[in-house]
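Trainee: Got a structure for you, questions after.
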Amino acid sequence: MKSLREIKIKNIKKTKKVRVTSAMFLDNLIDLNSFSVPDEEFIFKIKADGKDQYISLLMVSGIDIFHYTDNDMESVFQNFAKATTTMKCAHKYIFTTSSPYFEQQKNNLLLKRRNITHRYIMRMMERKENEFLEFEENHNDRLAYLLVFSDKISELNDCCKRFKHEMKDTNVLFCNEEQTIEFFNKYLCFDTQSDKLHTYTETNDKTLPTEIKFFQNYFKIEDKYITSLVVNDYPANLNDLELAALVSTFADCTITFDVKFRSKQIVIDEIKQSLKELRSRSVIKQDVADDIDTQNEFDKLTAIYNEISSGNEQMVYTTLRFFVTSDSYDDLSKRVRDISVELETRGITSFVPINDLKSEYFGMTRDSNTIQTPYPLQDTYKRQYPFYYQSHTDPSGIFFGYTDTHGLNVFNSFYRNDKQGRNSYDLIAVGVKGSGKSVTLKTMLQDQLLLSNKVMVLDIESEYKDMAKMFDGQVIRMSRGSTINPLQIRMTVLADAENEDENDGASITKSEAISMNFTSEISRICSFFGQYNPSLSDDELFALRDVLVAVYKEKGITDTTDIFSFLPEQFPIFSDLYNYLTNIQKDQTLSEYERSNYKKLETQVKQLSKYGAFGTMFDNYTNVNIDDKNLIVFDVKQISEMDTNVYNAQLFNILSLMWAEICKNREHNLNALSTNDKRNIVCLIDEAHRFISVKNRQVTKFIENLLRRSRKYDAGLWFASQSILDFLPSSDSAETDVIKTIFQLVQYKIILKQSPDSIQKLHEIFGQFTLSELNNSTNFQAGEMLMSLSAGRNKVHCYKLATDCDLMYIGNAQDRSEIIHKIFNRYYTEMSMKEYGKLLLDDPAARENFCNIFTNEVLSVFGFEKEDSDYLYTLVANTVIKFGQELIDIAKE
Numbered sequence: 001m002k003s004l005r006e007i008k009i010k011n012i013k014k015t016k017k018v019r020v021t022s023a024m025f026l027d028n029l030i031d032l033n034s035f036s037v038p039d040e041e042f043i044f045k046i047k048a049d050g051k052d053q054y055i056s057l058l059m060v061s062g063i064d065i066f067h068y069t070d071n072d073m074e075s076v077f078q079n080f081a082k083a084t085t086t087m088k089c090a091h092k093y094i095f096t097t098s099s100p101y102f103e104q105q106k107n108n109l110l111l112k113r114r115n116i117t118h119r120y121i122m123r124m125m126e127r128k129e130n131e132f133l134e135f136e137e138n139h140n141d142r143l144a145y146l147l148v149f150s151d152k153i154s155e156l157n158d159c160c161k162r163f164k165h166e167m168k169d170t171n172v173l174f175c176n177e178e179q180t181i182e183f184f185n186k187y188l189c190f191d192t193q194s195d196k197l198h199t200y201t202e203t204n205d206k207t208l209p210t211e212i213k214f215f216q217n218y219f220k221i222e223d224k225y226i227t228s229l230v231v232n233d234y235p236a237n238l239n240d241l242e243l244a245a246l247v248s249t250f251a252d253c254t255i256t257f258d259v260k261f262r263s264k265q266i267v268i269d270e271i272k273q274s275l276k277e278l279r280s281r282s283v284i285k286q287d288v289a290d291d292i293d294t295q296n297e298f299d300k301l302t303a304i305y306n307e308i309s310s311g312n313e314q315m316v317y318t319t320l321r322f323f324v325t326s327d328s329y330d331d332l333s334k335r336v337r338d339i340s341v342e343l344e345t346r347g348i349t350s351f352v353p354i355n356d357l358k359s360e361y362f363g364m365t366r367d368s369n370t371i372q373t374p375y376p377l378q379d380t381y382k383r384q385y386p387f388y389y390q391s392h393t394d395p396s397g398i399f400f401g402y403t404d405t406h407g408l409n410v411f412n413s414f415y416r417n418d419k420q421g422r423n424s425y426d427l428i429a430v431g432v433k434g435s436g437k438s439v440t441l442k443t444m445l446q447d448q449l450l451l452s453n454k455v456m457v458l459d460i461e462s463e464y465k466d467m468a469k470m471f472d473g474q475v476i477r478m479s480r481g482s483t484i485n486p487l488q489i490r491m492t493v494l495a496d497a498e499n500e501d502e503n504d505g506a507s508i509t510k511s512e513a514i515s516m517n518f519t520s521e522i523s524r525i526c527s528f529f530g531q532y533n534p535s536l537s538d539d540e541l542f543a544l545r546d547v548l549v550a551v552y553k554e555k556g557i558t559d560t561t562d563i564f565s566f567l568p569e570q571f572p573i574f575s576d577l578y579n580y581l582t583n584i585q586k587d588q589t590l591s592e593y594e595r596s597n598y599k600k601l602e603t604q605v606k607q608l609s610k611y612g613a614f615g616t617m618f619d620n621y622t623n624v625n626i627d628d629k630n631l632i633v634f635d636v637k638q639i640s641e642m643d644t645n646v647y648n649a650q651l652f653n654i655l656s657l658m659w660a661e662i663c664k665n666r667e668h669n670l671n672a673l674s675t676n677d678k679r680n681i682v683c684l685i686d687e688a689h690r691f692i693s694v695k696n697r698q699v700t701k702f703i704e705n706l707l708r709r710s711r712k713y714d715a716g717l718w719f720a721s722q723s724i725l726d727f728l729p730s731s732d733s734a735e736t737d738v739i740k741t742i743f744q745l746v747q748y749k750i751i752l753k754q755s756p757d758s759i760q761k762l763h764e765i766f767g768q769f770t771l772s773e774l775n776n777s778t779n780f781q782a783g784e785m786l787m788s789l790s791a792g793r794n795k796v797h798c799y800k801l802a803t804d805c806d807l808m809y810i811g812n813a814q815d816r817s818e819i820i821h822k823i824f825n826r827y828y829t830e831m832s833m834k835e836y837g838k839l840l841l842d843d844p845a846a847r848e849n850f851c852n853i854f855t856n857e858v859l860s861v862f863g864f865e866k867e868d869s870d871y872l873y874t875l876v877a878n879t880v881i882k883f884g885q886e887l888i889d890i891a892k893e
């Protein structure tokens with residue numbers, strides 16, 4: 001079956017084209033063909049009215065400003081004021097209403113799908129591609145941009161960088177050439193000609209309308225009618241966030257907001273003149289209300305004059321425009337009237353500039369601050385903070401979910417952009433029971449599988465088996481008979497990986513990597529013993545290191561041995577270690593203290609050998625074989641009832657094996673025939689507080705070291721727990737510092753629903769989230785989250801929701817039952833459940849026929865067929881059979 005994308009792409013001829021002659025006159029007034037500036041990545045050149053001008057475009061993300069506390073809001077206002085004072089260049093804020101453009105994302109999915117043979121994944125990928133097409137057709141983004149103008153490159157560069165630095169609460173990104181051209185296409189064509197981006201070659205042809213016609217009170221691009229509504233007066237007192245409210249209310253308009261400063265002396269002279277006019281007005285006989293208004297305006301202007309004179313206030317001059325669009329002239333006129341009336345209710349007056357629409361259109365690409373309404377920066381302007389809309393798009397991302405403002409979150413956890421602080425792939429998710437954490441993580445892992453990445457899961461509650469069957473994965477059920485030999489050395493230090501991206505220029509040879517690997521593995525085995533017996537002293541651990549080195553030497557393994565091709569049987573097991581400990585104590589040259597340490601170690605090792613209680617679990621060569629599958633699940637439910645120390649030791653043992661598998665991914669990618677054949681790898685560790693804990697110093701340090709290296713192996717370590725308090729006690733310590741370092745190293749932080757008692761600690765650890773945002777998380781729905789994408793301001797408030805089809809294999813039995821009930825109640829409305837049950841009660845053939853038909857109907861609702869997944873069909877069929885029995889039971893009542 002072909003996707004909509006493949007069908008549609010046949011109709012697109014990627015040839016060099018030029019626009020029709022009727023629109024070429026635009027080039028004389030707006031010329032972008034000399035767009036690129038040598039040696040500048042984010043500065044571009046346009047020609048407006050025959051004059052060259054440099055521009056930069058910045059994208060400004062939103063924050064949930066409407067739900068901030070007064071303190072958090074005041075901090076945002078103050079930072080916005082600081083950022084504004086840096087903007088000595090004329091600039092224009094632009095709030096777009098345009099459909100997204102996902103050409104790169106669609107092409108990435110298309111390339112990935114070509115290598116897929118798994119039918120269900122193939123169908124899921126088709127749906128993901130079609131999802132992007134649907135968004136392009138029907139979704140409108142409310143993105144905020146800042147367009148900055150200057151005649152000088154250095155001035156423009158300095159202004160933009162200072163603004164970005166001072167916007168400490170908001171993520172601000174420079175747009176590159178491709179993004180800026182895409183923006184101008186949407187902006188200047190009013191979202192009518194996005195196909196031009198991949199069918200034309202010249203910048204003018206990509207960005208300017210194919211045809212535009214101007215009339216007295218509107219202009220027309222293709223079949224879209226457009227006009228400009230310009231604000232020319234405001235109420236004396238403007239409410240806080242009034243501009244933000246306007247941007248939110250009129251989300252179907254393109255809104256521009258031109259801003260510039262004037263010199264202090266000019267501002268003071270104008271205020272003096274205004275004060276004179278107000279004073280002269282006061283001597284004219286007016287009614288009482290006019291007298292009061294005049295006096296209030298005089299008092300406020302006097303206060304502003306004093307503030308500006310003393311240097312505590314500045315004045316900014318602005319022009320606010322609403323570009324209104326419609327599919328017909330009559331509807332356009334009605335919309336303009338409706339917007340004007342709504343503005344008037346807020347005390348704002350506006351007008352359509354008759355016979356001047358051509359200048360309005362050309363002013364979209366240049367400084368067009370024609371009205372120049374004055375705003376006191378500190379008193380009014382900073383409190384209009386208009387950035388509320390949130391969305392996020394990674395170039396190779398997949399649709400993650402919607403933001404709280406109904407923007408799109410197109411996310412790829414393996415997208416790397418050092419300039420944006422996206423330089424690793426690790427993640428931590430924290431959410432109380434019922435927060436949707438489990439379903440969220442499963443859907444995120446499913447996205448990884450769709451992209452042909454590898455996933456390994458440490459499954460604490462045995463909840464991934466259905467997902468493994470859906471995706472032809474492997475479930476390794478850890479039991480007493482499942483052995484992962486803790487003494488088997490694995491290659492986890494590879495020279496080419498460790499030499500990658502080293503800032504100091506240092507590199508290691510293969511022999512040095514072998515030596516480092518040996519030392520690292522000895523430390524890892526000591527950490528295993530620390531899990532099994534946390535009370536081991538430092539001296540006993542030092543003795544253990546010496547014994548391990550000696551036992552490996554007896555097996556012909558030293559720090560110079562390349563064990564890459566060794567078989568499991570070539571490594572020692574605990575019986576070997578136990579025998580060595582018993583024999584070494586016969587050495588008469590040992591001190592009593594040394595003998596005592598060896599005796600204690602012998603006691604511990606005995607329990608792990610065939611002579612002790614846990615020999616069947618640990619004293620054997622590794623017999624756990626990991627298949628070449630993209631989903632590997634380590635199910636540890638069976639061993640969860642064992643003593644805590646044994647359970648934790650085995651969990652650490654599994655974690656070590658998972659890390660070794662991660663390191664193998666390096667070789668896989670080096671041998672890949674193309675970039676598209678490379679894969680990333682995710683390792684999910686639930687109940688991560690068992691490893692990252694002040695009570696577990698060795699393993700916590702082990703985790704820290706893994707996080708510092710995971711990126712080099714194209715891997716992401718994902719950690720999950722119910723509360724941040726599981727990791728950190730109230731007091732500070734050296735171990736606490738290591739845990740805080742781990743949280744700093746983790747790239748992505750996901751905060752799902754929280755309990756109130758964890759908010760303060762969360763704010764202490766994850767300072768990128770405000771207290772307002774974190775307090776709001778106590779009321780989150782399942783799947784609702786705060787997601788931090790980098791250490792700074794790059795964050796979104798979003799949702800990750802599973803479809804009903806997803807929940808059939810990532811949910812539980814109750815989820816499946818509720819879904820079947822919902823579908824039945826939607827389509828079977830002619831009779832009651834009891835009446836339907838009676839039809840099935842004494843007729844086995846009718847019951848079988850109902851189950852078969854309804855099962856296929858459910859699959860059809862999901863958008864799949866039986867042939868797409870045998871296991872999905874089985875899950876649905878079994879749930880329908882149970883539901884049929886439920887109908888019969890109701891009929892019997």
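Residue numbers (the UniProt record's numbering): 1 to 893. Glycine included, each C-beta is placed from N, C-alpha and C at the ideal position. Just so we're clear, the structure is a prediction, and the values are computed from it rather than from any experiment.
What distance in whole Å lies between the Cβ atoms of Ser523 and residue 899, which are believed to be in contact at a cut-off of 8 Å?
Mentor: Nothing can be reported for residue 899: it is not among the residues displayed for the chain, which extend from 1 to 893.
Trainee: Just checking my contact of residue 939 with Ile226 at CB under 8 Å: how many whole Å lie between their CB atoms?
Mentor: Since the first and last residues shown for the chain are 1 and 893, residue 939 lies out of range.
Trainee: Can you tell me which residues form a DSSP beta bridge with Glu784?
Mentor: For Glu784, which the question treats as bridged, DSSP gives the partners Tyr799.
Trainee: Could you check how far apart the C-beta atoms of Ile55 and Phe44 are, in whole angstroms? I think they sit under 8 Å.
Mentor: That pair is a contact at about 5 Å.
Trainee: Is the number of C-beta pairs between the stretch 63-79 and the stretch 765-779 that are closer than 8 Å three or more?
Mentor: They touch, by the three-pair rule.
Trainee: Around the Cβ of Tyr532, are there at least 16 other Cβ atoms within 10 angstroms (buried) or fewer (exposed)?
Mentor: With 16 or more Cβ atoms within 10 Å of its Cβ, Tyr532 is classed as buried.
Trainee: Three Cβ pairs or more, each shorter than 8 Å: is that satisfied between the stretch 80-89 and the stretch 99-106?
Mentor: Because the criterion of three Cβ pairs below 8 Å is not met, the stretch 80-89 and the stretch 99-106 do not touch.
Trainee: Which residue from Thr170, Glu202, Val172, Phe174 puts its Cα closest to that of Asn185?
Mentor: Asn185 has its Cα closest to that of Glu202, out of Thr170, Glu202, Val172, Phe174.
Trainee: Alpha carbon to alpha carbon, what distance is there between Tyr361 and Tyr317?
Mentor: Between Tyr317 and Tyr361, the C-alpha separation is close to 20 Å.
Trainee: Could you give the first and the last residue of the continuous alpha helix (DSSP H) run that contains Tyr809?
Mentor: That run of the alpha helix (DSSP H) goes 804-810.
Trainee: Sort Cys683, Tyr402, Ser424, Gly473 by Cα distance to Ser790 and report the nearest one.
Mentor: Checking every option, the nearest Cα to that of Ser790 belongs to Ser424.
Trainee: So what does Cys683 bridge to, in DSSP terms?
Mentor: DSSP lists Met456, Leu717 as partners of Cys683.
Trainee: Using alpha carbons as the reference points, say which of Leu57, Ala495, Val633, Val746 lies closest to Asp466.
Mentor: Of Leu57, Ala495, Val633, Val746, the residue nearest in Cα terms is Val633.
Trainee: Can you find the residues in the same chain that come closer than 6 Å, C-beta to C-beta, to Asp684, ignoring five residues on each side of it along the sequence?
Mentor: Rather than Asp, the amino acid found at residue 684 in this sequence is Leu. For Leu684, where only same-chain residues beyond five positions count, the Cβ hits under 6 Å are Val457, Trp718.
Trainee: Helix, strand or coil: which one does DSSP assign to His118?
Mentor: Looking at His118 - three-state DSSP - the assignment turns out to be coil, as it is neither helix nor strand.
Trainee: Do the CB positions of Ile759 and Phe743 come within less than 7 Å of each other?
Mentor: No, Cβ-Cβ distance for Ile759 and Phe743 is not below 7 Å.
Trainee: Once you ignore the five residues that flank Phe883 on each side, which residues in its own chain have a CB closer than 6 Å to its CB?
Mentor: Ile820, listed in sequence order.
Trainee: Taking its Cβ as the centre, do 16 or more other Cβ atoms sit within 10 Å of Met831, making it buried, or is it exposed?
Mentor: So Met831 ends up on the exposed side.
Trainee: Sort Val455, Leu752, Tyr799, Lys761 by Cα distance to Thr778 and report the nearest one.
Mentor: Nearest of Val455, Leu752, Tyr799, Lys761 to Thr778, Cα basis: Leu752.
Trainee: Given a cut-off of 7 Å on the beta-carbon distance, is the pair Ala495 and Ala506 in contact?
Mentor: Result no, Cβ atoms of Ala495 and Ala506 do not sit closer than 7 Å.
Trainee: Would you kindly work out how many angstroms separate the C-alpha atoms of Ala734 and Leu655, rounded to a whole number?
Mentor: When rounded, the distance between both Cα atoms is 24 Å.
Trainee: Mark Phe215 as exposed unless 16 or more other C-beta atoms lie within 10 angstroms of its C-beta, in which case mark it buried.
Mentor: Phe215 should be labelled exposed.
Trainee: Answer yes or no: do residue 976 and Lys555 have a C-beta to C-beta separation smaller than 7 Å?
Mentor: Absent from the model: residue 976. The displayed extent of the chain is 1 to 893, so no value can be given.
Trainee: Does the beta-carbon of Arg279 have 16 or more other beta-carbons within 10 angstroms, so that it is buried, or is it exposed?
Mentor: Exposed, since its Cβ has fewer than 16 Cβ neighbours within 10 Å.
Trainee: Identify which residue in Arg690, Leu706, Lys419 has its Cα closest to the Cα of Leu725.
Mentor: The option with the nearest alpha carbon to Leu725 is Arg690.
Trainee: What is the residue span of the alpha helix (DSSP H) that Phe854 lies within?
Mentor: Where Phe854 is concerned, the enclosing alpha helix (DSSP H) stretches over 844-862.
Trainee: Can you list, in chain order, the residues of its chain whose CB lies under 8 Å from that of Ile7, leaving out five sequence neighbours each side?
Mentor: Here the model assigns Ile7 a pLDDT of 36, short of 50, so the residue's position is not dependable, and the following value carries that caveat. Same-chain partners within the cutoff: there are none.
Trainee: Between Glu886 and the rest of its own chain, which residues show a CB-CB distance below 7 Å, the 5 nearest in sequence each way excluded?
Mentor: Cβ within range, chain order: n/a, list empty.
Trainee: Mark Val230 as exposed unless 16 or more other C-beta atoms lie within 10 angstroms of its C-beta, in which case mark it buried.
Mentor: Under this definition Val230 is a buried residue.
Trainee: So, for Ala244: in the same chain, excluding its five sequence neighbours on each side, which residues have a beta-carbon less than 7 Å away from its beta-carbon?
Mentor: Counting only Cβ-Cβ distances below 7 Å, and skipping sequence neighbours, we find Ile65, Gln384, Tyr385, Pro386, Tyr388.
Trainee: Specify whether the stretch 632-652 and the stretch 662-680 touch according to this definition: at least 3 beta carbon pairs, one from each stretch, less than 8 Å apart.
Mentor: Segments in contact, no.
Trainee: Which residue marks the beginning of the beta strand (DSSP E) containing Asn423, and which one marks its end?
Mentor: Note, Asn423: premise wrong, no beta strand (DSSP E); not H, not E.
Trainee: Can the beta-carbon of Tyr93 be found closer than 7 Å to that of Phe257?
Mentor: Yes, Cβ-Cβ distance for Tyr93 and Phe257 is below 7 Å.
Trainee: Where DSSP assigns a beta bridge to Lys866, which residues make up the other side?
Mentor: Answer by DSSP bridge pairing: none, since Lys866 is not bridged.
Trainee: For the beta strand (DSSP E) containing Val230, name the first residue and the last one.
Mentor: Unbroken beta strand (DSSP E) run through Val230: 224-233.
Trainee: So Ser801 and Gly401 are supposed to be a Cβ contact under 8 Å. How far apart are they, rounded?
Mentor: Note on identity: in this sequence residue 801 is Leu, with Ser being the wrong assignment. The pair is a contact, with the Cβ atoms about 6 Å apart (cut-off 8 Å).
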